[in-house]
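To get the working numbering, take the position in the sequence shown, counting from 1, and add 2.
Quick notes on the structure that follows.
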Amino acid sequence: MTKKNTATSNQQQLMDKIVSLCKRRGFIFQSSEIYGGINACWDYGPLGVELKNNIKQAWWRAMVYERDDIEGLDAAILMHPKVWEASGHVENFTDPLVDCKSCKLRFRADQIPEENLKLKKCPECGGELTEPRKFNLMFKTFMGPVEDEAHVVYLRPETAQGIYVNFENVYVSMRRKIPFGIAQIGKAFRNEITPGNFIFRTREFEQMEMQYFVRPGTDMEWFEKWREERFKWYLRIGIKPEKLRFHQHGPDELAHYASAAYDIQFEFPFGWQELEGIHNRTDYDLSRHQQYSGKDLSYFDDEIGQKYIPYIIETSAGCDRTLLAVLVNAYDEEDTGKEIRTVLRLHPFLAPIKAAVLPLVNRENMPQIAWEIYKSLKPHFKVFYDDSGSIGRRYRRQDEIGTPFCFTVDSQTLQDGTVTVRDRDTMKQERIHKSEVLDFLKEKITF
């Protein structure tokens, strides 16, 4: 086997291990699994929903709480259908689609090897391909009892448009002056032809988007500021710097609305792929909504005494992709000399469970003391009580799900009130008094 094939095989094994861990330990399940599943849809289990919420909380904190120039929003998923005409999604949000006349498989034309496309030859069976045709990625449904074109609505393919149509509502009600931003986390839906790579590309996903409204002429300055700011955030949540890079969009890659764009990419086992896009959207969005709605969306800037349509700098991150990147980044296998230890080296703030409380044995009042410590922590952190199996096995279970600390009640606790604190990453142990456990966690679990 060549070095390239070996590396590819190792990367596939890594993905297989992560997918297996996610199901086995309650992070992510196949949607509707008891019915055979539904393609490219996933359910987040007890640990997965905690990890996802922690990622969203870290993003929201960095965007909304730590800054004084960004407001939050939660716009409706269903919007007036003209929104999507104005945004260009009805006309432009399409993929080129081809079908094989023999094996009936469907492909995106831009993802088929050029030679196959020239010969109109199926990459799977060699059969004849149809001519490419446009396929709109928006899910379409109907509002009300009548299913006709007059009652068509769409499941939103992005959260950004809900921000644009609320631009005036937000800046008037919150007395905002430009520059300022609007942040939103929410579900979006795309009828992808070729989803895949676990939760990387799915038909239902969650976005973390912020649209920053600026004066024309200052847009590239803000674009560079936000590019730097967003890269720092991934480092802050513990992503290794060597796993991150920028990809600048060339003229042939730029979206119709953008004058400049960069992706922040992560090195997944299946290659470098986009985590987040930073775009200079110019005044395209507000101009289009002004045109289609008839509503004046210009802004009067009293600093310069002029009226203008603001330019927009967009930061658009995929929550599910970020979660997958966090898992890949954190997954580690360590040879302890006795066994291979699987450990998720998650940033403590992101970890689904912040600490486990463990009585060494189920006697001599140890369970009672451990339970009291557990109850004292529960109102403040997601913690876990475990008294089943050997202490070594219990440590391994917590390592595998990324729990940063374990507090063990043992015989010395009965003598002096101290407990053992075990660190997930180093496996080193120290002793602190049981009354100090809460303060210890508060100091360690920060963002």
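Cβ coordinates follow ideal geometry from the N, Cα and C atoms, glycine included.
Collapsed DSSP secondary structure at residue i in the structure displayed
| i | result |
| --- | --- |
| Leu299 | coil |
| Ser11 | helix |
| Gly320 | strand |
| Phe215 | strand |
| Arg247 | strand |
| Val206 | The identity of residue 206 in the sequence shown is Glu, whereas the question assumes Val. Glu206: strand per DSSP, three-state reduction. |
| Lys54 | helix |
| Ile375 | helix |
| Tyr453 | Only positions 3 to 449 of the chain appear in this structure, which leaves residue 453 out of reach. |
| Lys380 | coil |
| Lys242 | coil |
| Pro115 | coil |
| Phe233 | helix |
| Gly404 | coil |
| Glu226 | helix |
Residue(s) in a DSSP beta bridge with residue i
| i | result |
| --- | --- |
| Asn428 | The amino acid at residue 428 is misidentified as Asn; the sequence shows Thr. Answer by DSSP bridge pairing: none, since Thr428 is not bridged. |
| Gly47 | Note: Gly47 sits in no beta bridge, so no partner. |
| Pro361 | Val411 |
| His508 | The first residue shown for the chain is 3 and the last is 449, placing residue 508 beyond what the model contains. |
| Thr344 | Glu335 |
| Asp265 | His249 and Gly279 |
| Phe386 | Ala358 |
| Ile315 | Tyr214 and Asn282 |
| Gly273 | Phe270 |
| Phe31 | Asp45 |
| Lys309 | Phe302 |
Same chain only: Cβ atoms within 6 Å of residue i, ignoring 5 sequence neighbours per side
| i | result |
| --- | --- |
| Trp274 | Gln267 |
| Asp101 | Arg108 and Thr132 |
| Val21 | Phe200 |
| Pro178 | Contrary to the premise, residue 178 reads as Arg rather than Pro in this sequence. Excluding residues within five positions, none has a Cβ falling inside 6 Å. |
| Tyr387 | Val359 and Tyr376 |
| Thr338 | none |
Residues near residue i by beta carbon distance below 8 Å, same chain, minus five either side
| i | result |
| --- | --- |
| Arg426 | Val345, Arg347, Gln400, Asp401, Gly404, Thr405, Pro406, Phe407 and Cys408 |
| Thr415 | Met368, Ile371, Val421 and Lys436 |
| Lys446 | Pro350, Pro406 and Phe407 |
| Gly198 | Ala42 |
| Ala263 | Gln250, His251, Glu255, Leu256, Ala257, Gly279, Ile280, His281 and Asn282 |
| Asn94 | His258 |
| Met176 | Glu73 |
Residues of its chain near residue i, where Cβ-Cβ distance is below 7 Å and the 5 sequence neighbours each way are ignored
| i | result |
| --- | --- |
| Arg110 | Asp97, Pro98, Leu99, Ile195 and Thr196 |
| Phe383 | Lys356, Ala357, Leu443 and Ile447 |
| Val216 | Ile180, Pro181, Trp224, Pro312, Tyr313 and Ile315 |
| Lys25 | Phe31 |
Whole runs of the beta strand (DSSP E) within the segment 119-204, excluding any shorter than 3 residues: For the segment 119-204, whole beta strand (DSSP E) runs of length 3 or above, ordered along the chain, are 135-138, 142-144, 154-156 and 182-191.
The segment 233-251 contacting the segment 321-339, beta-carbon criterion three pairs below 8 Å: Yes, they touch.
Contained alpha helix (DSSP H) runs [length at least 4] in the segment 58-110, N- to C-terminal order: The qualifying runs are 83-88 and 91-94.
Contact the segment 151-169 vs the segment 284-303: 3+ CB pairs below 8 Å: At 8 Å Cβ cutoff, the stretches touch.
Three-pair Cβ contact test at 8 Å for the segment 184-194 versus the segment 204-218: With a cut-off of 8 Å, the segment 204-218 and the segment 184-194 count as touching, because enough Cβ pairs lie within range.
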